[in-house]
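Here the structure comes first, spelled out in structure tokens, and everything after it is commentary.
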């Protein structure tokens, strides 16, 4: 069978019966594939093994395997291949091939895109800017202060303080719209606006409405000022347990206290609106510190406290110790005040002020003030001054907006983040504070310098 194979095919690849495998080995044949031939689409008969043998001419013109017919490099070939006739396609191989193509294509596209796309890189280096002075350019509109009462000041970490800077600063008066040219707040308006948004919980009200009879009751009695601020008026009887006049006055005071606190007798202000009035008593033996702070020097001491912008606004009662006289005194004092008129925030001045210019400061941490101030002939109540404002421009450096369009788009906003923004206050005792971090930035490609800002307030 082995010889017939070579006579018929004249090649070095033959199908050999298993019984003739030993003969093939003796003739220097090499086992090519240790699988049974005869698979689908195979040219070899089923049940034979596939071997590769060196060939030589037989005496009768045939071919026999021989060992010396191979080339010298065959023994060094590490990438030997199988004939195509022995390879068979499969579904798994096709799927794996498609997946490999997709993955390779995706990687190629991503790498090519990353190579062709440029991204700016940022580095933090030692600042090469040797300028000792930093210029601050501003254009600020103070909405509710006229120019006579607006000042510009500078303070830095070196202790340098420049107040009321006028050099390189221009002030422009701007009229308000409407007929009202502005007027100051009355004391009653200030009190109403100050406490209009006061919201107390039920427990807080119980605490503030309770008598200060004993330090061992269920209440804290910590702050007498809070008691006064919780009501329009607070009628207080300062007494001592050891005082006989106080003990005689207790029934009358308790009767008066019950009528007013229960609402049986209403006390109205100058506009006929029911006032929030509270009647209570304080034991100066248990609360000696509070009575000393209020400068109580005799007992019983009766006072009518009025909630106000200032502290310790009260009227001493010097009348008869009778319930009717106490009621008349309370009605007379409360009737002088306009406590609930629907006050609203309004303009104090008839004009506003727009401030333009620049200041030059040392390149160290510091503060720029745009603030309300007194004049030589007028004094402001600074706590109740409205400092709402519009910032038209606030930038750093020499003419920074000239190179603004040359900066990368993602860096332009940090040159002037405050421009065009309005900052308003809706209550007294408030003023916007701006915290700005300034970083000198150099763009290497265009060799442009810029001061970048981050802002909080």
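Numbering (our numbering), first residue to last: 1291 to 1747.
Every residue gets a Cβ at the ideal spot worked out from N, C-alpha and C, and that includes glycine.
Subject >> Close Cβ partners of residue 1542 (< 7 Å) along its chain, the five nearest in sequence each way excluded >> reply: Here residue 1542 refers to the residue found at position 252 of the chain shown. For residue 1542, where only same-chain residues beyond five positions count, the Cβ hits under 7 Å are 1611, 1612 and 1613.
Subject >> Nearest-angstrom Cα separation, counted from residue 1508 out to residue 1469 >> reply: Working through the chain shown from its first residue, we reach residue 1469 at position 179. Working through the chain shown from its first residue, we reach residue 1508 at position 218. A caution first: residue 1469 carries a pLDDT of 42, below 50, which makes its placement in the model unreliable, though a value can still be read off. Roughly 56 Å separates the two Cα atoms.
**OP:** Could you check which residue in 1417, 1524 and 1720 has the C-alpha nearest to that of residue 1606?
**Re:** Your numbering for residue 1606 matches position 316 in the chain shown. For residue 1606, the nearest C-alpha among the options comes from 1524.
Original post:
Is the beta carbon of residue 1677 less than 8 Å from the beta carbon of residue 1464?
Top reply: Against the chain shown, residue 1677 aligns to sequence position 387. Against the chain shown, residue 1464 aligns to sequence position 174. The answer is no: Cβ separation not under 8 Å.
Original post:
Given residue 1514, which residues of its chain have a CB within under 6 Å of its CB, disregarding the five upstream and five downstream residues?
Top reply: Locating residue 1514 in the chain shown gives position 224, counting from the first residue. Excluding sequence neighbours, residue 1514 sits near 1580.
Subject >> Host alpha helix (DSSP H) of residue 1543 (start-end) >> reply: Along the chain shown, read from residue 1 onward, the residue named residue 1543 stands at position 253. Segment 1534 to 1552, the alpha helix (DSSP H) holding residue 1543.
**OP:** Tell me, to the nearest whole angstrom, how far the beta carbon of residue 1558 is from that of residue 1564; I am working on the premise that it is less than 8 Å.
**Re:** Along the chain shown, one-based indexing puts residue 1558 at 268. Along the chain shown, one-based indexing puts residue 1564 at 274. Confirmed, about 6 Å.
Original post:
Who are the Cβ neighbours of residue 1723 in its own chain at under 8 Å, not counting the five residues just before and after it?
Top reply: Position 433 of the chain shown, counting from 1, holds the residue named residue 1723. Cβ neighbours of residue 1723 beyond the five flanking positions: 1747.
Subject >> Proximity to residue 1590 [Cα-Cα], best of 1561, 1617, 1626 and 1527 >> reply: Translated into positions along the chain shown, residue 1590 becomes position 300. The residue with the shortest Cα to Cα distance from residue 1590 is 1527.
Original post:
If you pair each beta-carbon of the stretch 1536 to 1551 with each one of the stretch 1638 to 1656, do three or more pairs fall below 8 Å?
Top reply: Taking 8 Å as the limit for Cβ pairs, the verdict is that the stretch 1638 to 1656 does not touch the stretch 1536 to 1551.
**OP:** Output the residue ranges of the alpha helix (DSSP H) runs that lie fully inside the stretch 1690 to 1718 and measure 4 residues or longer, sorted by chain position.
**Re:** 1699 to 1702
Original post:
Which whole-angstrom value is the C-beta distance of residue 1683 and residue 1709, which I expect to be below 8 Å?
Top reply: Indexing the chain shown from 1 puts residue 1683 at position 393. Indexing the chain shown from 1 puts residue 1709 at position 419. Going by Cβ atoms, the distance from residue 1683 to residue 1709 rounds to 5 Å, so yes, they are a contact pair.
Subject >> Opposing strand residues paired with residue 1661 [DSSP bridges] >> reply: Translated into positions along the chain shown, residue 1661 becomes position 371. Paired residue(s): 1441.
Original post:
Going along the chain, which residues of its own chain have a beta-carbon closer than 8 Å to the beta-carbon of residue 1689, five neighbours each way excluded?
Top reply: In the chain shown, residue 1689 corresponds to position 399, counting from 1. No residues qualify anywhere along the chain.
Original post:
Is the stretch 1643 to 1657 touching the stretch 1401 to 1411, taking contact as three or more C-beta pairs under 8 Å?
Top reply: Touching, no, given that fewer than three Cβ pairs across the two stretches are closer than 8 Å.
**OP:** State buried or exposed for residue 1291, treating a residue as buried only when at least 16 other CB atoms are found within 10 Å of its CB.
**Re:** Along the chain shown, one-based indexing puts residue 1291 at 1. Only weak support exists for where residue 1291 lies, its pLDDT of 40 falling under 50; the value from the coordinates is given anyway. Residue 1291 is exposed by the Cβ-count criterion.
Original post:
From residue 1646 to residue 1736, what distance separates their C-alpha atoms?
Top reply: Here residue 1646 corresponds to residue number 356 of the chain shown, with the count starting at 1. Here residue 1736 corresponds to residue number 446 of the chain shown, with the count starting at 1. Roughly 31 Å separates the two Cα atoms.
Original post:
Any idea what DSSP makes of residue 1746, helix, strand or coil?
Top reply: Taking the first residue of the chain shown as 1, we reach residue 1746 at position 456. In this structure, residue 1746 counts as strand in the three-state DSSP scheme.
**OP:** Kindly indicate which residue of 1551, 1386, 1586 and 1717 has the alpha-carbon position closest to the one of residue 1617.
**Re:** By 1-based counting over the chain shown, the position of residue 1617 is 327. For the residues 1551, 1386, 1586 and 1717, the minimum Cα distance to residue 1617 belongs to 1551.
Original post:
Around the C-beta of residue 1460, are 16 or more other C-beta atoms found within 10 angstroms, so that it is buried, or is it exposed?
Top reply: Along the chain shown, read from residue 1 onward, the residue named residue 1460 stands at position 170. Classification for residue 1460: exposed.
**OP:** Would you mind stating whether residue 1238 and residue 1441 have Cβ atoms separated by less than 8 Å?
**Re:** Within the shown structure, residues of the chain are numbered from 1291 to 1747, placing residue 1238 beyond reach of any answer.
Original post:
For the candidate residues 1650, 1627, 1385 and 1529, whose alpha-carbon lies nearest to that of residue 1566?
Top reply: As a first step, residue 1566 must be located in the chain shown, where it is residue number 276. The shortest C-alpha separation from residue 1566 is found at 1627.
Original post:
Any idea what DSSP makes of residue 1574, helix, strand or coil?
Top reply: Position 284 of the chain shown holds residue 1574. Of the three classes helix, strand and coil, the one that applies to residue 1574 here is coil, per DSSP.
**OP:** Confirm, please, whether the CB-CB distance from residue 1603 to residue 1593 is below 8 Å.
**Re:** Indexing the chain shown from 1 puts residue 1593 at position 303. Indexing the chain shown from 1 puts residue 1603 at position 313. No, Cβ-Cβ distance for residue 1593 and residue 1603 is not below 8 Å.
Subject >> Simplified DSSP state of residue 1429, which is helix, strand or coil >> reply: Within the chain shown, the letter at position 139 stands for residue 1429. Here residue 1429 sits in strand by DSSP.
Original post:
Beta-carbon separation of residue 1648 and residue 1454 under 8 Å?
Top reply: Within the chain shown, the letter at position 358 stands for residue 1648. Within the chain shown, the letter at position 164 stands for residue 1454. Result no, Cβ atoms of residue 1648 and residue 1454 do not sit closer than 8 Å.
Subject >> Backbone CA spacing between residue 1664 and residue 1491 [nearest angstrom] >> reply: Locating residue 1664 in the chain shown gives position 374, counting from the first residue. Locating residue 1491 in the chain shown gives position 201, counting from the first residue. If I take the Cα positions, the gap works out to 40 Å.
**OP:** Count the other C-beta atoms from every protein chain shown that fall within 10 angstroms of the C-beta of residue 1522, then say buried if there are 16 or more, exposed otherwise.
**Re:** Translated into the one-based positions of the chain shown, residue 1522 becomes position 232. Residue 1522 is buried by the Cβ-count criterion.
Original post:
What's the C-alpha gap between residue 1728 and residue 1738?
Top reply: As a first step, residue 1728 is located in the chain shown; it is residue number 438 there, counting from the start. As a first step, residue 1738 is located in the chain shown; it is residue number 448 there, counting from the start. The alpha-carbon atoms of residue 1728 and residue 1738 are separated by roughly 16 Å.
**OP:** Thinking residue 1744 and residue 1679 are a contact (beta carbons under 8 Å), I'd like their distance in whole angstroms, please.
**Re:** Reading the chain shown from its first residue, position 454 is the one you call residue 1744. Reading the chain shown from its first residue, position 389 is the one you call residue 1679. That belief does not hold up - the Cβ atoms of residue 1744 and residue 1679 are roughly 20 Å apart, past 8 Å.
Original post:
Can you check whether the CB of residue 1417 is closer than 8 Å to the CB of residue 1765?
Top reply: In the structure displayed, the chain extends from 1291 to 1747; residue 1765 sits before or after that span and is not available.
Original post:
Is the CB-CB distance between residue 1444 and residue 1586 below 8 Å?
Top reply: For the purposes of this step, residue 1444 is taken as residue 154 along the chain shown, with counting starting at 1. For the purposes of this step, residue 1586 is taken as residue 296 along the chain shown, with counting starting at 1. No, these two residues do not count as a Cβ contact at 8 Å.
Subject >> Run of the beta strand (DSSP E) containing residue 1605, from where it starts to where it stops >> reply: As a position in the chain shown, residue 1605 is number 315, starting the count at 1. Start and end: 1604 to 1606.
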